[in-house]
Every structure is written in structure tokens, then in C-alpha cells.
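Participant: Our numbering numbers the first residue of the sequence shown as 244 and each following residue consecutively.
C-beta: ideal position from N, C-alpha, C; glycine also.
Note that the structure is predicted; figures quoted are calculated from it, not measured.
Submitted below is the structure of interest, expressed as C-alpha cells.
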Amino acid sequence: NTPCSVVPNRGSIMARIVLALTLLSLLCLPGLARPTPSPEDSTQPAEDSTKPAEKEATAEPKPSKKDLAKQALSRATEAHKEALEHADGAIKKLEAFIHLLDDHADAKTAAAGLEESAQKHIARRGEKAENSFQGRLGTLAKSGSSGGSKAVAAATKKANRAAKDVEHSAGDDKAKAMREQRKHIQKATKEYANTLASEAHEGARAAVKAAYALERAERHAGVKEDVYERALDRNTRIGEGMEDQAKDLQDKADDKIEKYFDTLEGRSEPLEDDAREEAAKHLAEERGAVRGATKQAGEEAEKVRMAAKKAAAEAKAEAKASKGKEASDAAEPTESAQKAKDDTKAADGASPDGANAAGASAGGDASTGGSWPSAFATAAGPVPKVGAAGLMVGLLVFVAAAVAFPAALHMRRTVREAPLLG
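Have a look at this one:
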């Protein structure tokens with residue numbers, strides 16, 4: 244008689260067993276087993292769950308065609324504005340340059356600058372020419388004592404040429420340097436003006452292109468047709484007007500450059516003439532110095548020539564005196580022999596026996612086949628060896644003996660025939 248609440252129900256027991264087995268099988272399956280989560284893993288699902296939300300919140304919406312068209316319009320408007328500013332700036336620079344060329348008072352300052360620059364350009368050349376002239380002048384001053392008149396003339400020619408080089412460097416070279424620099428500056432000025440004009444032309448054309456680009460951007464942005472057409476017409480007129488203005492300014496700049504440099508040339512020519520006149524004065528001074536040096540060198544050369552002439556005359560006189568002394572020394576033996584001959588002749592003429600003896604001696608020589616000159620030579624003795632003067636004296640003695648010999652024969656005949664007549 245146990246109460247019902249105490250006795251367990253068989254069906255409920257079986258249900259509990261089935262439930263326990265089911266749970267156990269689930270826990271034992273590897274695919275269904277869930278590992279014990281770490282502290283870090285415990286927060287990961289929460290973070291992952293928040294990322295899609297954040298992406299959805301920060302993502303920008305894709306721009307529409309209308310927005311893109313507006314952006315393109317903004318860029319085109321800015322580009323057109325910059326093109327206009329660039330073209331306008333280039334035109335203003337060109338206008339300022341032209342205004343500078345209108346200042347003709349600046350041409351005087353520019354001419355003075357050209358003269359100063361030319362002077363610096365030729366300074367080294369002029370210094371070299373002046374040093375060369377001074378060297379030539381020094382050589383000319385020394386040429387009189389070291390050479391003759393020809394050397395003085397050659398040195399004078401070289402000194403005058405060096406003086407001319409100095410004058411050319413200070414005058415013509417300076418004027419030429421001024422002209423060349425003026426032409427160089429004129430060429431550079433034209434090139435600069437052309438550069439400014441080209442920049443203005445390009446800026447104006449870029450403004451026109453930017454105007455057409457702006458018109459396309461306005462059309463795509465949905466601007467009304469009459470609005471963007473009027474804007475295009477206005478902007479193209481502005482750009483084309485700038486282009487025409489740049490062309491007119493270029494022509495004006497060319498005219499101004501020509502006028503400016505004509506004025507500069509007018510300012511420079513008097514300075515060039517002054518340089519030539521100053522150089523001519525300096526040349527006259529240097530040629531005066533050359534003439535003075537030439538005169539001094541000529542006097543020195545004349546002194547040298549006279550001294551040489553005097554020395555030559557003295558040497559000639561000394562040589563002549565020496566030659567006369569040698570001739571005198573050679574004539575002394577001849578004079579002694581002539582004196583001895585004269586003494587012998589005088590003795591023969593004073594004694595008849597001497598004459599007979601001389602005739603007999605001559606007859607004896609003739610009978611033996613000898614000649615009277617040999618007999619005379621025997622009577623006179625041996626003829627000494629003398630020079631031309633001695634030979635002349637001997638010839639005179641020979642002639643005298645030849646004349647005296649017939650006289651001696653005649654005297655002998657007269658002396659012998661006298662007793663026959665008595």
C-alpha cells in the first residue's frame with residue numbers, strides 16, 4: 244500500500260536515460276566539441292560583429308555624373324582663370340619693357356657705360372702696345388752708338404710703327420669695341436622682346452583654348468545653352484584680343500628698339516670721335532719723342548762715323564810713313580854707289596893716262612872679243628842689288644859712260660898726232 248508519489252514512474256526513468264545518453268554522445272563527438280575559449284577569444288566575436296557596422300558608417304557614397312560634371316567645371320574655370328592671368332602678366336611685362344625703351348635719357352647713360360666697357364676691353368691691348376712702343380724707343384736711342392745710319396733708320400721705322408699701334412688701340416680699337424658692344428646689346432634686346440612677345444602670344448592662345456574647355460565643362464554640367472554660349476563668346480574675344488594685343492606690342496617693341504639704338508648710336512659717336520682725337524694727340528706726342536730720339540741717335544752715329552774716319556786716316560798716314568821709310572832705307576846703298584862712280588869718273592876725266600888706260604883697256608877687251616858695256620861694268624865694278632830707284636840711277640850712269648867713252652877715244656887720238664904735225 245505504498246503511495247503513488249513515492250513509487251517512480253518507469254516511463255519517466257527511461258526518458259531520463261535517453262536524454263543522458265544523447266547529451267553524452269553530443270559531448271564526445273569531435274566535430275561538435277567546442278574548445279574552452281581563452282580571454283582573448285572571448286572578445287573577438289564582439290569586435291568582428293562591430294566591423295561591418297563601422298564600414299557601413301565610414302564608406303563614402305559613389306559620386307554621381309552630375310557631381311563629376313561639377314568638379315570638371317570647377318577645374319576648367321580655374322584653368323581658364325590661370326590662363327588669362329598668365330597672358331595678362333606677359334602682356335604687362337612687354338608693355339613695361341616698351342616703356343623703358345621710351346626713356347631716351349637712359350641712352351646717354353648707356354653710351355657712357357659702353358665707353359667704359361670698351362675701355363676695359365682694350366685696356367690690356369693698349370698696355371701691351373704702349374710697352375712695345377717704349378721698348379722700340381729705347382732701342383732707337385741706343386742704335387746710334389751701336390750701329391750706323393742704317394740701324395738708326397730701321398729703329399726709327401719700327402718705333403713709328405709701334406706708336407701707330409698705340410694710336411690704333413686707343414682710337415680705332417676703342418671705337419670698334421663700342422660699336423660691337425652696341426650691336427651685341429641691340430641683338431640681345433631684340434631677342435628679349437621677341438621672348439616676351441612669344442610668351443604673350445602663347446598665353447593668349449592658351450586662354451582661348453581654356454575658354455573652349457570651359458564651354459564643354461559647362462555644357463556637361465548642365466548649364467543652359469545660352470549661358471555657356473555667351474560665356475564662350477566673351478572668353479574667346481578676350482583671348483583673341485590678347486593675342487592681337489601681343490602682336491601689336493611686338494611690332495611696337497621692334498620700332499622702339501630701332502629708335503632707341505639709333506639714339507644710342509647718336510650718343511656714342513661723339514664719344515668715339517673723342518677717343519680718336521685723343522689717340523691722335525697721343526700719337527703726335529709719341530712721334531715727337533721718336534723724332535727726338537732719332538736726332539740724338541743720328542748725332543751719336545755721326546760721332547761714331549767721324550771717329551772711325553779719323554782712325555782710318557791715321558792708320559793710312561802711318562802706313563804711308565812706314566812705306567816711305569822703307570824706300571829711303573833701300574835707296575841709301577844706291578846713292579853711295581853713285582857717289583863712288585861719280586868720283587871715279589871725275590878722276591878718269593882729269594888724267595890723260597887714265598883715259599888712255601881706259602881706252603887701252605877697252606881696246607884690249609874689244610880685241611879679245613868683249614863688248615864695251617862689259618868693259619864699263621868691269622871698270623865701274625860690280626853693280627849692287629838695289630830696288631827700282633837704284634836701277635834708275637844705274638841706267639843714268641850707264642848712259643853717261645856711253646857718252647864719255649867716244650870722247651875719251653877722240654882725246655887719245657889728238658894727243659898722239661900732235662908731234663907729227665910739228
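Cutting at 6 Å between CB atoms, please list the residues of its own chain near A447, excluding the five before and the five after it.
Facilitator: A330, G482, M485, E486 and A489
Participant: Could you check what DSSP says for K524 in three-state terms: helix, strand or coil?
Facilitator: helix
Participant: Would you call the CB atoms of A443 and I334 closer than 8 Å?
Facilitator: yes
Participant: The alpha helix (DSSP H) with K305 in it runs from where to where?
Facilitator: Note, K305: premise wrong, no alpha helix (DSSP H); not H, not E.
Participant: When you compare only the Cα positions, how much space is there between T432 and A366?
Facilitator: 27 Å
Participant: Give every residue of the same chain whose Cβ lies closer than 6 Å to the Cβ of D416, excluding the five residues on either side of it in the sequence, and list them in chain order.
Facilitator: I365
Participant: Note down the Cα distance separating A544 from E423, rounded to an integer number of angstroms.
Facilitator: 47 Å
Participant: When you compare the CB positions of A312 and L457, do they come within less than 8 Å of one another, or not?
Facilitator: no
Participant: Could you check which residue in E529, E321 and K426 has the C-alpha nearest to that of Y503?
Facilitator: K426
Participant: Can you tell me whether DSSP reads G482 as helix, strand or coil?
Facilitator: helix
Participant: Would you decide whether T537 is buried or exposed? Buried here means 16 or more other CB atoms lie within 10 Å of its CB.
Facilitator: buried
Participant: Pick from D497, G381 and F376: whose alpha carbon is nearest that of E434?
Facilitator: D497
Participant: If you compare alpha carbons, which of M549, S511, A558 and A436 is closest to G356?
Facilitator: S511
Participant: So which of A474, E328, E373 and P304 has the shortest CA-CA distance to A522?
Facilitator: E373
Participant: In the structure shown, what three-state DSSP assignment does V451 receive?
Facilitator: helix
Participant: Please work out which residues of its chain come closer than 8 Å, Cβ to Cβ, to E472, disregarding the five sequence neighbours upstream and downstream, and give them in chain order.
Facilitator: E458
Participant: Report the rounded CA-to-CA distance for D349 versus E501, giving the unit in angstroms.
Facilitator: If I take the Cα positions, the gap works out to 15 Å.
Participant: Select from E445, M549 and E325 the residue whose C-alpha is nearest the C-alpha of G391.
Facilitator: Comparing Cα-Cα distances from G391 to each of E445, M549 and E325, the minimum goes to M549.
Participant: Taking all protein chains shown into account, decide if V409 is buried (16 or more other Cβ within 10 angstroms of its Cβ) or exposed.
Facilitator: buried
Participant: Using the rule of at least 16 other Cβ atoms within 10 Å of the residue's Cβ for burial, across every protein chain shown, is Q710 buried or exposed?
Facilitator: An answer regarding residue 710 cannot be provided, because it is not within the stretch 244 to 665 covered by the chain.
Participant: Output needed for F376: all residues of its chain with C-beta closer than 8 Å, excluding positions within five of it in sequence on either side, in chain order.
Facilitator: Taken in chain order, the residues that qualify are A402, A405, A406, D408, V409 and E529.
Participant: Taking only three categories from DSSP, how would you classify K467?
Facilitator: Coil, per DSSP.
Participant: Suppose you measure from the CA of V533 to the CA of E561; what does that come to, to the nearest Å?
Facilitator: 42 Å
Participant: With DSSP collapsed to three states, give me the class of G535.
Facilitator: helix
Participant: Starting from the C-beta of R379, find all residues in its chain whose C-beta is less than 6 Å away, skip the five residues before and the five after it, and write them out in chain order.
Facilitator: K401, A402 and A405
Participant: If we define contact as Cβ-Cβ less than 8 Å, is K433 a contact residue for chain D?
Facilitator: The chain inventory of the structure shown lacks chain D, comprising one protein chain alone.
Participant: Please tell me whether E461 and L316 are closer than 8 Å, where the distance is taken between their beta carbons.
Facilitator: yes
Participant: Between which two residues does the alpha helix (DSSP H) carrying S392 extend?
Facilitator: S392 to H411
Participant: Decide if V470 is buried, meaning its Cβ has at least 16 other Cβ atoms within 10 Å, or exposed.
Facilitator: exposed
Participant: Classify D345 as helix, strand or coil using the three-state DSSP reduction.
Facilitator: Note: D345 maps to coil in three-state DSSP.
Participant: For E445, which of A394, L327, A420 and A551 has the nearest alpha-carbon?
Facilitator: L327
Participant: Using a threshold of 8 Å, state whether the C-beta atoms of L439 and K336 are closer than that.
Facilitator: yes
Participant: Using the Cβ count rule (16 or more neighbours within 10 Å means buried), how would you classify T399?
Facilitator: buried
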